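S.K.: First residue of the sequence shown? That's 1 in UniProt numbering, and the numbers climb one at a time after it.
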Amino acid sequence: MTSPQQLDTFVHQQKAFFNSGQTRSLDFRIQMLRRLQHAIEKEEDAIIAALASDFGKPPFETYATEVAILQSELKFMVRNLHKWVKLRRVKSSFLNFPSTDSIYAEPYGVSLVIGAWNYPFQLTLSPMLGAIAAGCCAILKPSELTPATSQLTARLIQEHFPPEYLTVVQGGPEVSQALLELPFDKIFFTGSVPVGKIVAQAAAKQLIPVTLELGGKSPCLIDETANLTVAAKRIVWGKFLNAGQTCVAPDYLLVHEKVAGPLLKALAQTITDFYGTSPTHSPDFARIINDRHFHRLQGLLDSTHVYSGGETDAAARYIAPTLLSGITWEHPIMQEEIFGPLLPVLTYSSLPEAIAQVNARPKPLALYFFSENSKAKEMVLTQTSSGGMCINDTVSHLTNPYLPFGGIGTSGQGNYHGKASFDAFSHQKSVLMKPALPDLPFKYPPYKEKMNWMKKAFKWL
Ligand code: NAD
């Protein structure tokens, strides 16, 4: 374990490197992003192997959700960074004539990135891309629950970047807490709501700007006009990807009572189509991260409500893709984020009632709505609040770098992905530039005689 003194040394070395100004040039940032692109490309097989070892993640899913998503973000940044770093001119104010006004994206400085285990490679490196693009240094603390991936992340960063610029510190909550005592210029945290509160409190003590990417229960509504066959495919994919251990997975379904029966049938059939009649033998279905989470999920699996699935194997930490029907809001599974392959199905009789039920709960990270009715889509879009949403899909909004990704309320604060990642690590510095002359006297005392002029000028503006 790295001692608090060593952590302090890392931060001070990074502060000195940041103050040398080297991280600020566009050339340097592009060069570092390209270096990372090549490093990830070279390590593709090792990344796939690490994730398989940590929780049996299928190679296709690792490639798509850890490697390809990072590479596409990297490409997007390399292509667009020259535009983002430019001094951005804005209109100047008549009262300051003659001035040139602009916004300078100033790198915050030395940043701390704390990652979660469920997409352990991507969730630690993706914020780091924002730090590099913005011209910051970064210390990364990946999750201790995925040791093979954390080890690989540490090796990859150590082999390709100097520690005074980017470094990885491994360990659990105690290491995070020691890091949170240090004078970072920016903190970026991905993880659970309770730990998010600890991080926010620690950041508040030093007034460090913080981005919180948290979780919660993301609802998925299906009305009576939805195309049920397509909805079933997109829901099963989004829910059982990574064995349900995805922050934006549909946590529960809220279905119009008229179509609940046919939808459940279509969902069960889709599960069989995707994973076979015995998903435990499917190479495309991951395992639960550890025994604690396995037993937590098993506790939520109420056999009296199982519609399909329900099989478990503690030794393999396997839980079958499971549909639970006849669930009500009072059921234990509706009291916490599920974060596993259990999908409870609730019903509603009118859309306003469903919206009211969603709005009575904490604001989710994502909200999904399946419908063919334009008015209903408009209603759900404008009358609910969530970090992001998809209409007639699940999860996919986070793959578009033009869409900022983040939560609202208890599901998080701040955004990243694409330019939003650059912004997350930049301070928007307002700059007013004036020549020495002319030096118009209107604002200087003595004010006598100037009041009338000032009033006229304001009316005219
Ligand atoms: P977690 O909060 O348990 O851990 C996240 C990180 O915080 C880890 O690196 C861990 O070592 C550290 N940590 C744990 N306890 C700590 C403490 N007391 N003090 C300081 N640091 C501490 O979360 P997790 O189990 O790794 O991830 C699952 C959660 O993360 C779910 O709630 C999920 O919805 C959420 N999540 C959100 C996003 C997002 O982008 N919004 C992405 C992935 C996961």
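We treat Cβ as the ideally placed atom computed from N, Cα and C, and that holds for glycine. Nothing here was measured: the structure is a model prediction, and the numbers come from that model.
(1) Specify, as a first and last residue, the run of the beta strand (DSSP E) that phenylalanine 188 falls within.
(2) Near glycine 130, which residues of its chain fall below 7 Å by C-beta distance, leaving aside the five closest residues on each side in sequence?
(3) I'd like to know whether the C-beta atoms of alanine 133 and leucine 207 end up nearer to each other than 7 Å.
(4) For leucine 367, report the span of its beta strand (DSSP E) as first-last.
(5) Quick one: residues in its chain with C-beta nearer than 8 Å to the C-beta of tryptophan 329, no 5 flanking neighbours on either side, listed in chain order?
(6) Going by beta carbon distance, what residues of the same chain come within less than 8 Å of threonine 384, once the five residues before and after it are set aside?
(7) Using DSSP bridges, identify the partner residues of phenylalanine 405.
(8) Taking a contact to mean a Cβ-Cβ separation below 7 Å, would you say glutamine 170 touches alanine 154 in this structure?
(9) From the DSSP output, which residues share a beta bridge with alanine 105?
(10) In three-state DSSP terms, what is histidine 256?
(11) Does at least one heavy atom of the ligand NAD sit under 6 Å from the Cβ of alanine 116?
(12) Proline 401 and serine 72 look like a contact to me (Cβ under 8 Å); what is the Cβ gap, rounded to whole Å?
(13) Which residue wins for smallest C-alpha separation from leucine 267, given the options Tyr252, Gly310, Ala232 and His293?
(14) If I measure Cβ to Cβ from threonine 280 and keep anything under 8 Å in the same chain, skipping five residues before and after, which residues do I get?
(15) Determine the extent of the alpha helix (DSSP H) in which proline 127 is found, giving its start and end residues.
(16) Closest by CA to tyrosine 275, which one among Gly261, Trp237 and Leu301?
(17) Spatial neighbours of tryptophan 117 within its chain, please: CB distance less than 7 Å, with the 5 preceding and 5 following residues excluded, ordered by chain position.
(18) Taking 7 Å as the cut-off, decide whether the C-beta atoms of glycine 407 and proline 341 are in contact.
(19) What ranges does the alpha helix (DSSP H) occupy inside the region 314-368, keeping only unbroken runs of at least 4 residues that lie completely in it?
(20) For methionine 379, tell me which candidate among Leu221, Leu440 and Val67 has the shortest Cα-Cα distance.
(21) Taking 7 Å as the threshold (C-beta atoms), are leucine 365 and glycine 387 in contact?
(22) Residues in its own chain within less than 7 Å of glutamate 44 by CB, not counting five upstream and five downstream?
(23) Where DSSP assigns a beta bridge to glutamate 213, which residues make up the other side?
(24) Measuring from the CB of serine 325, is there a heavy atom of the ligand NAD at a distance below 6 Å?
(25) What do you reckon, is the C-beta of cysteine 247 under 6 Å from a heavy atom of the ligand MG?
(26) Measure the beta-carbon distance from leucine 263 to leucine 228 and round it to whole angstroms, keeping in mind my assumption that it falls under 8 Å.
(27) Could you spell out where the alpha helix (DSSP H) holding arginine 35 opens and where it closes?
(28) Report yes if the C-beta distance between lysine 108 and cysteine 137 is below 7 Å; otherwise report no.
(29) For the beta strand (DSSP E) that lysine 141 lies in, which residues bound it at each end?
(30) Please state if the CB of leucine 214 and the CB of glycine 412 are separated by a distance shorter than 7 Å.
(31) Is serine 430 near the ligand NAD, going by C-beta to nearest heavy atom under 6 Å?
(32) Alanine 202: which of Lys258, Leu182, His38 and Leu125 sits nearest, CA to CA?
(33) Going by other Cβ atoms of all chains shown within 10 Å of its Cβ, with 16 needed for buried, is leucine 95 buried or exposed?
(34) Assuming contact is defined by CB atoms lying nearer than 7 Å, are threonine 62 and leucine 51 in contact in what I supplied?
(35) Which residues in the same chain as leucine 7 place their Cβ atom closer than 7 Å to its Cβ, once the five residues preceding and following it in sequence are excluded?
(36) Find out if the Cβ-Cβ distance for the pair lysine 419, tyrosine 104 is shorter than 7 Å.
M.R.: The structure says:
(1) Here residue 188 refers to the residue found at position 188 when the sequence shown is read from its first residue. 186-190 is the extent of the beta strand (DSSP E) around phenylalanine 188.
(2) Your numbering for residue 130 matches position 130 in the sequence shown. Excluding residues within five positions, the ones whose Cβ falls inside 7 Å are Tyr416, Ser421, Phe422, Ala424 and Phe425.
(3) Within the sequence shown, residue 133 is the residue found at index 133, counting from 1. Within the sequence shown, residue 207 is the residue found at index 207, counting from 1. Contact: no.
(4) As a working mapping, residue 367 is identified with position 367 in the sequence shown. First-last of the beta strand (DSSP E) with leucine 367: 366-370.
(5) Here residue 329 is taken as the residue at index 329 of the sequence shown, counted from 1. Result list for tryptophan 329: Leu346 and Gln357, in chain order.
(6) Walking along the sequence shown from the start, residue 384 turns up at place 384. Counting only Cβ-Cβ distances below 8 Å, and skipping sequence neighbours, we find Ile355, Val358, Asn359 and Leu367.
(7) Translated into positions along the sequence shown, residue 405 becomes position 405. In DSSP, phenylalanine 405 forms a bridge with Tyr416.
(8) Taking the sequence shown and counting its residues from 1, one reaches residue 170 at position 170. Taking the sequence shown and counting its residues from 1, one reaches residue 154 at position 154. The answer is yes: Cβ separation under 7 Å.
(9) By 1-based counting over the sequence shown, the position of residue 105 is 105. In DSSP, alanine 105 forms a bridge with Gln428.
(10) Mapped onto the sequence shown, residue 256 falls at position 256. Looking at histidine 256 - three-state DSSP - the assignment turns out to be strand.
(11) Along the sequence shown, one-based indexing puts residue 116 at 116. Yes; taking the cut-off as 6 Å, the Cβ of alanine 116 has a heavy atom of the ligand NAD nearer than that.
(12) Counting from 1 along the sequence shown, the entry for residue 401 is found at position 401. Counting from 1 along the sequence shown, the entry for residue 72 is found at position 72. A Cβ-Cβ separation of about 7 Å places proline 401 in contact with serine 72 under the 8 Å criterion.
(13) One-based indexing of the sequence shown puts residue 267 at position 267. Among Tyr252, Gly310, Ala232 and His293, the Cα nearest to that of leucine 267 is on Ala232.
(14) Position 280 of the sequence shown, counting from 1, holds the residue named residue 280. When the five nearest sequence neighbours on each side are left out, the beta carbons in the same chain lying within less than 8 Å of the beta carbon of threonine 280 are those of Glu311, Asp313, Ala316, Tyr318 and Ala320, in order along the chain.
(15) Counting from one through the sequence shown, the residue named residue 127 turns up at place 127. For proline 127, the enclosing alpha helix (DSSP H) covers residues 122-134.
(16) Numbered from its first residue, the sequence shown carries residue 275 at position 275. Among Gly261, Trp237 and Leu301, the Cα nearest to that of tyrosine 275 belongs to Trp237.
(17) Taking the sequence shown and counting its residues from 1, one reaches residue 117 at position 117. Correct list, in chain order: Ser143, Leu145, Thr146 and Ile289.
(18) In the sequence shown, residue 407 corresponds to position 407, counting from 1. In the sequence shown, residue 341 corresponds to position 341, counting from 1. Not a contact, by the Cβ cut-off of 7 Å.
(19) Runs found: 351-359.
(20) Position 379 of the sequence shown, counted from the first residue, corresponds to residue 379. Here the closest residue by C-alpha is Leu221.
(21) The residue given as residue 387 occupies position 387 in the sequence shown. The residue given as residue 365 occupies position 365 in the sequence shown. Going by C-beta atoms, glycine 387 is nearer than 7 Å to leucine 365.
(22) Residue mapping note: residue 44 aligns to position 44 of the sequence shown, counting from 1. Contacts found: Val67.
(23) The residue you call residue 213 lines up with position 213 of the sequence shown. In DSSP, glutamate 213 forms a bridge with Thr190 and Gly412.
(24) In the sequence shown, counting from the first residue as 1, residue 325 sits at position 325. No, the beta carbon of serine 325 sits no closer than 6 Å to any heavy atom of the ligand NAD.
(25) As far as ligands go, the structure on display features the ligand NAD and does not contain the ligand MG.
(26) The residue given as residue 263 occupies position 263 in the sequence shown. The residue given as residue 228 occupies position 228 in the sequence shown. Between leucine 228 and leucine 263 the Cβ distance is about 5 Å, and since that is below 8 Å, they are a contact.
(27) By one-based count along the sequence shown, residue 35 stands at place 35. Arginine 35 -> alpha helix (DSSP H) spans 26-42.
(28) Looking up residue 108 in the sequence shown gives position 108. Looking up residue 137 in the sequence shown gives position 137. Checking the sequence shown, residue 108 turns out to be tyrosine, not lysine. In this structure, cysteine 137 does not lie closer than 7 Å to tyrosine 108 by Cβ.
(29) Locating residue 141 in the sequence shown gives position 141, counting from the first residue. Its beta strand (DSSP E) spans residues 137-141.
(30) Walking along the sequence shown from the start, residue 412 turns up at place 412. Walking along the sequence shown from the start, residue 214 turns up at place 214. Yes, the pair counts as a contact, with Cβ atoms nearer than the cut-off.
(31) Looking up residue 430 in the sequence shown gives position 430. No, the beta carbon of serine 430 sits no closer than 6 Å to any heavy atom of the ligand NAD.
(32) Walking along the sequence shown from the start, residue 202 turns up at place 202. Selected option, being the one with the closest Cα: Leu182.
(33) Looking up residue 95 in the sequence shown gives position 95. Flag for leucine 95 reads exposed.
(34) Working through the sequence shown from its first residue, we reach residue 62 at position 62. Working through the sequence shown from its first residue, we reach residue 51 at position 51. Yes. Within cutoff.
(35) On the sequence shown, residue 7 is found 7 positions in, with the first residue counted as 1. Closer than 7 Å at Cβ, skipping near neighbours: Val169, Ala178, Leu179 and Leu182.
(36) Residue mapping note: residue 419 aligns to position 419 of the sequence shown, counting from 1. Residue mapping note: residue 104 aligns to position 104 of the sequence shown, counting from 1. Cβ distance not < 7 Å, so lysine 419 and tyrosine 104 don't count as in contact.
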